[in-house]
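Visitor: Can you keep this structure in mind? I'll have questions shortly.
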Amino acid sequence: MPATAHIGFIVAAYGAGVVVIVALITWVMFDYRLQRRILAELETTGVSRRSARDSAERTVSDGA
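Right, dumping it as structure tokens:
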């Protein structure tokens, strides 16, 4: 049986794989931008990150 008999399935499988990977990359990029925007809005309203607050507390307590 020649390999060309299955070429349609192979092309469809690679095509589906490419579509899924591109969709995942696009989704991650949009979600990253959304999270950065939400974080910026929180910081402008005065909400600070817990990690930043914890490191500042450690610096103050370590320096004393």
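With the working numbering, the residue at position 19 of the sequence shown is 199, and numbering never jumps.
Glycine included, each C-beta is placed from N, C-alpha and C at the ideal position.
1) List the endpoints of the continuous alpha helix (DSSP H) containing Thr184.
2) What separation, rounded to the nearest whole angstrom, lies between the Cα atoms of Ala185 and Ala203?
3) DSSP three-state label for Gly226, please.
Guide: Reading it off the structure:
1) Locating residue 184 in the sequence shown gives position 4, counting from the first residue. Counting along the chain, no alpha helix (DSSP H) covers Thr184, and no H or E run does either.
2) Position 5 of the sequence shown holds residue 185. Position 23 of the sequence shown holds residue 203. Between Ala185 and Ala203, the C-alpha separation is close to 29 Å.
3) The count along the sequence shown starts at 1 and reaches residue 226 at position 46. Reduced to three states, the DSSP call for Gly226 is coil.
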